[in-house]
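Quick notes on the structure that follows.
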Amino acid sequence: MSLTTEVALTHISRRASSLLPLLSAVIVGFTVCGLIAKAVGLSPLLMLTELIKGAVQGPQLFETIARAVPLTGMALAAAIPLRAGIVNLGADGQMVLGGCAAAIIALYLPAPDIVRLLVALLIGAGIGGAYAALAAAGEILANVPLLLSTWLLSYPARGLCGWLVRSPLRDPITAWPSTHRISAGVRLANLIPGTPINQGFLLVALAAVLIVFLDRRSSVGYELRLRGLNERFARYGGVALSRQTTWLMFVSGAMAGLVGAIMILGSQFRFTDGALTAPQYTWSGVLAALLAGGEPLGTVVAAVLFAALQTGGFAMERSVEIPRVLTMVLESIIILFLSMRGAIWRRGR
Amino acid sequence: MTGSFLNAAFFDQAVLGITPVLLAALAGTLSERVGLFNIALEGQMLVGAFAAVAGSHFGGSLASGVFAAVLASTLFSALLAFGSAILRGNDIVIGISLNLLAAGLTSFLLRSLFGVSGTFSDSTMAALPRLRIPLLAQLPVLGRALGQQNALVYLSWVLVIVVAIFLARTPWGLRIRGIGEQFDAAVTLGAKATRYRILVTLAGGALCGLAGLQLSLGSLTLFSENMTAGRGWIAVAAVMLGRARPLAVAAACILFGMSDALGLRLQGEGLPNQITDSAPYVVTLLALVIAGLRERIDAARVVI
Amino acid sequence: MAFLEMIDIVKRYPGVLANDHVDLEVSKGEIHAVMGENGAGKSTLMAILYGLQSPDEGYIRIDWKTVFFRSPIDAIEHGIGMVHQSFKLFESLSVWENVVYGREPRRGPFIDAAASRRQVAALAERHGLPIDPMARVGSLPVGVRQRLEILKALYRQVRVLILDEPTAVLTPGEVAGLFRVLRTLAAGGCTILLVTHKLNEVMAVSDRITVLRDGRVTERLLTAQTNAAQIVRAMTGRNVLLDVASANPHPGAVRLELKRLVVGGLGRRAVNDVSFTLRGGEVLGIAGVAGNGQSELVEAIMGMRPCAGGNIVLNGHDITLRSIAQRRAAGVSYIAEDRIRTASAAAASATDNLAFGFHRRPPIAVRGLLRISEMRAWARTLIRKFEIKIASEMTPVGTLSGGNLQKIVIARELAHDAPVLIAEQPTRGVDVGAIEFIHSELMRERDRGHAILLVSAELSEILALADRILVMYEGRVIAALDRAEANESILGLYMAGGEQQAS
């Protein structure tokens, strides 16, 4: 046997051995959720069929794709630092700040429409990134663990934006606390008429391709991967951990902020308090990234599957009145099962 | 600040705010001491809060609510014990997924059992009754806060002392501390380390069940989605700030309770609640930053 | 007359037969040495005796009764105690808490602290092991910690005491003290198993010797009737002792200079006012008992630990405030002491491990992008050159033996071709063949004009390789010697801090 075929074979067997626990986790997840549904008097079989039909049947497929855009974005926001062993639990706040900033720019920047749109996207990403970098500074200067600081920083960010749309920025016509509506010229254009898919799809797809490529082929991606495997080794080899943490958190927060901006400029058209966080993209994103251990391509695949699950969940709730939060239960059981088997991400920091 | 600003209601509010965080932080302290990093406190509490309301509603009595809260949270913690104590999986991944599982599960059950989303309240349910402690209750300003709380509040204070003595003075406490500091050393001396870890995790679950009970039936009688609102994470921060020493952890929890009450008080003064609601999180963050900076300065002093 | 017997013990690990039908027979009150090179199987055998591992075949008999140990708890029950090479102590706890842990005297539900302290003090007194029961273990020096480990075993009323390489962390003076204690214990009826690879110690203290090689018993000897040469032959299968013949050094320009370097530590300075110069073409050895500031010194030179004072000059540049990457770029490479935690990523492939540090410049990277085929070719070249036994360059390095993993680390660090090499315990825990290989690689580096700073706790290694020797004690350099004037006894005296006696 030549060396290359041998390597290829071990590669395949490694793939297979990593797919097996995944498959069993999915089966366990569905089984447990079925049992939960049955326990409260709902039909597990109905749950399953409605879930699948609702995710892929006819126009629902476009719905899934539209949902996959922010979810993939948030999953990448979680995966970027996770690759190096860092957990960002504050993407909620970073996304809200990004979305809120984008709405303000889109509404009030005195500039041509297209400039407003581009600046709104840039500032949205920038604000989200800067806020995440703040948590990195906390860890570097005062040893505050990112796990805690990112989470805790989410609250004031959401509180601030919630106050902004209640008092100074409030559109008095609406029942909900929200900003004025963004005019048509400053929105991300629709890509396929009759579907909710807009240019945000292209932005996230571009980001995903770029991240997957850099992860596999760049020196930086290689450094991050080795840091994730052994941080002391990375430091010993000369990686400046603090600087890397800072920019990693910036990129992660910027991704989250960009998702916020895309949702505001592409589908919601106004910043409404709580509307960005309600679909729980952040948490499905974190779970998708954990599922893939921060590996970008795997993260994207997991995110798309979770998006399908969410779309199916909505349909299931509409048609057979099974609450869609069951999909969140399903996702977390899958991750829980895998982490217990040690199949993902053995040890944190 | 004026006397009327820090009035009886302020301190009462502070004590109410302290209790759930304190109970969860005690659970976190025990975990930390036995060498497990428990970030699932939030989820364990949430399960307890929901079970308290469900138990009380379907069981028809406060006692059934208490029982359900402790039982459900302990059972939920068995997942944590299985994953992190027995299988030695990654406690951060397990913690995150358990928190999300708790959030999803309680929302799901809220909708399917009670047919509501958001908040469920039942006016026929009884909250934990307030008890009057004769002398304390007559104190000026602090009387209501210290002398007229429910049994759980007093229990939480007693538990701080009990946990402190348990860890410092009993053989089991010594073994727990040893397991947490040097797992291998404890094992080679014959300590049944995994068994201790399981028991501590389950006991922590019971404590978090009580924390949840205090949230949902402590003074109000309702459950709302994600009503823990980060208190489990603040408990994690309190364990860090107090370096897993029960009295110091309790002090950190008092800081949190005060800032919580301060937020509410400022809201009464006309500040928007979106801003004041952030007070406990910001105060916790600042405390972590200050503690971290002090540590660094101390470390620098050690240098020469 | 046998008191303890291990009969026909077999233990297999994936790819290794660690114990191949080993028999060990020890009498009551005997000091029995178990000898062998690294990887000979003596640690596995002791782990089985202490219940940390279970044998695949064979059994243990104590006092003619067959026993089965599922865990150390069972072994402790049967009166077996073990002092591990890396101490297993709770540093934040006091001495008495460490001793009574798991068997605490009680008063009601509480620990009877007063009684505990009394018992520990009495036990220490009786066996001539002076120690303060109230002291916090974290503040104790290594020698006292070992005393504590022995006390822990005595508190549990051991009949058999296993000591795994007990002298590795001791000064010669402390070694003599330990041997006195062991003889007293043995005279009192305690059976002692001494696991070691040091000849002179075995000759000095043991009654009988069992020698292992490649998992098999190669010799059983009465100490009184044997000699060092016979033991070495049994251990290595060869007649010659390790000795690297090195030509005289030709020191060149100064490559590394330390000026009054200070590194902070807990309680006292870890490195206190250390100055030296290192020239190209010479090996400067740093001797000392582990824990006297050597690791901190090396980490400070590499930038992994901040300096509190003084300067480091590398190839003419002051690098005191530079980052790790800048220091490496300025011409220093580093074989770290802990190859698993620091110097490699176990789950990553050999390719990934070997390319680290070369991944930002051609030929491996061009304009920030990796060239995967170059990377793998690079790894294959190094694997071939350093004779690393590995399935392919894509195999994770965590599967390798200690010697082969160390070769990965050394291959990568030497490939930098840096004018200064810091080698910290370069042969700890590797087999004889790899030691020879590594030593000759280091000498070749020296003869090419590179400067080598060799930190080693093994005096034999220092004496074999170093051209000049510094001895560190409590953070200071207390002696500087040329190789010609150094020998084991002089170095041993300095390692114990014996400044006055030596001068």
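Chains as they are written, first to last, in the working numbering: chain U, 1 to 349; chain W, 1001 to 1304; chain B, 2001 to 2503.
Don't be surprised by glycine CBs; every beta carbon is placed ideally from N, CA and C.
Proximity to residue i [Cα-Cα], best of the options
i	options	result
residue 2507 of chain B	B:2336, B:2497, B:2320, B:2035	This structure does not reach residue 2507 of chain B, given that chain B is present from 2001 up to 2503, and the question cannot be answered.
residue 2197 of chain B	B:2467, B:2139, B:2209	B:2209
residue 1104 of chain W	U:335, U:326, U:337, U:334	U:326
residue 1101 of chain W	U:107, U:232, U:231, U:284	U:284
residue 2509 of chain B	B:2403, B:2224, B:2399	The structure shown does not extend to residue 2509 of chain B, since chain B is modelled only from 2001 through 2503, so no value can be given for it.
residue 2417 of chain B	B:2084, B:2341, B:2100, B:2330	B:2330
residue 19 of chain U	U:140, U:81, U:75, U:302	U:302
residue 2356 of chain B	B:2408, B:2387, B:2258, B:2431	B:2408
residue 207 of chain U	U:106, U:125, U:280	U:125
residue 2181 of chain B	B:2163, B:2168, B:2056	B:2163
residue 2221 of chain B	B:2483, B:2421, B:2024	B:2024
Residue-chain proximity (residue i, chain U), Cβ-Cβ < 9 Å
i	result
residue 1156 of chain W	no
residue 2000 of chain B	Residue 2000 of chain B is absent from the structure shown; chain B starts at 2001 and stops at 2503.
residue 2343 of chain B	yes
residue 2514 of chain B	Because chain B here runs from 2001 to 2503, residue 2514 of chain B falls outside it and cannot be looked at.
residue 2352 of chain B	yes
residue 1285 of chain W	yes
residue 2360 of chain B	yes
Residue i classed as buried or exposed, judged by whether at least 16 other C-beta atoms fall within 10 angstroms
i	result
residue 95 of chain U	buried
residue 306 of chain U	buried
residue 176 of chain U	exposed
residue 318 of chain U	exposed
residue 2487 of chain B	exposed
residue 1124 of chain W	exposed
residue 2438 of chain B	buried
residue 222 of chain U	buried
residue 2086 of chain B	exposed
residue 2353 of chain B	buried
residue 1116 of chain W	exposed
residue 2130 of chain B	exposed
Cutoff 9 Å: residue i Cβ touching any chain W Cβ
i	result
residue 2070 of chain B	no
residue 88 of chain U	no
residue 322 of chain U	yes
residue 2084 of chain B	yes
residue 152 of chain U	yes
residue 163 of chain U	yes
residue 345 of chain U	Because residue 345 of chain U sits at a pLDDT of 48, beneath the cut-off of 50, its placement in the model cannot be relied upon, and the following sentence gives the value as read from the coordinates. For residue 345 of chain U, the answer is yes, since a Cβ of chain W falls inside 9 Å of its Cβ.
residue 331 of chain U	yes
residue 2460 of chain B	no
residue 276 of chain U	no
residue 143 of chain U	yes
Chain B contact for residue i (CB, 9 Å cutoff)
i	result
residue 1200 of chain W	no
residue 1089 of chain W	no
residue 1296 of chain W	no
residue 251 of chain U	no
Q) Is the segment 2266-2286 of chain B in contact with the segment 2223-2238 of chain B, if contact means three or more CB pairs nearer than 8 Å? A) no
Q: For the segment 2092-2109 of chain B and the segment 1172-1181 of chain W, state whether three or more C-beta atom pairs, one from each stretch, are separated by less than 8 Å.
A: yes
Q. Which ranges does the alpha helix (DSSP H) cover as unbroken runs of at least 4 residues, wholly within the segment 140-198 of chain U, from first to last along the chain?
A. 146-164
Q) Which residue spans inside the segment 2411-2498 of chain B form an unbroken alpha helix (DSSP H) run of at least 4? A) 2432-2447, 2459-2465, 2488-2495
Q: Let me know the alpha helix (DSSP H) ranges lying completely inside the segment 1091-1126 of chain W, each 4 residues or longer, listed in chain order.
A: 1091-1114
Q.
Going residue by residue through the segment 2172-2242 of chain B, where are the continuous alpha helix (DSSP H) segments of at least 4 residues, counting only ones entirely within it?
A. 2172-2187, 2199-2205, 2228-2236
(Q) As an exercise, report each continuous beta strand (DSSP E) stretch of at least 3 residues that is fully enclosed by the segment 2047-2123 of chain B, in chain order. (A) 2057-2062, 2065-2067, 2080-2083
Q | Ranges of the alpha helix (DSSP H) found wholly within the segment 15-70 of chain U, counting only runs of at least 4 | A | 44-56
Q.
With three or more beta-carbon pairs closer than 8 Å as the criterion, would you say the segment 125-140 of chain U touches the segment 86-106 of chain U?
A. yes
Q) Just checking, does the segment 104-111 of chain U make contact with the segment 242-252 of chain U on the three C-beta pairs under 8 Å criterion? A) no
Q: Mind listing, in chain order, the continuous alpha helix (DSSP H) runs of no fewer than 4 residues lying wholly within the segment 1179-1217 of chain W?
A: 1183-1188, 1193-1217
(Q) With three or more beta-carbon pairs closer than 8 Å as the criterion, would you say the segment 2395-2414 of chain B touches the segment 2333-2342 of chain B? (A) yes
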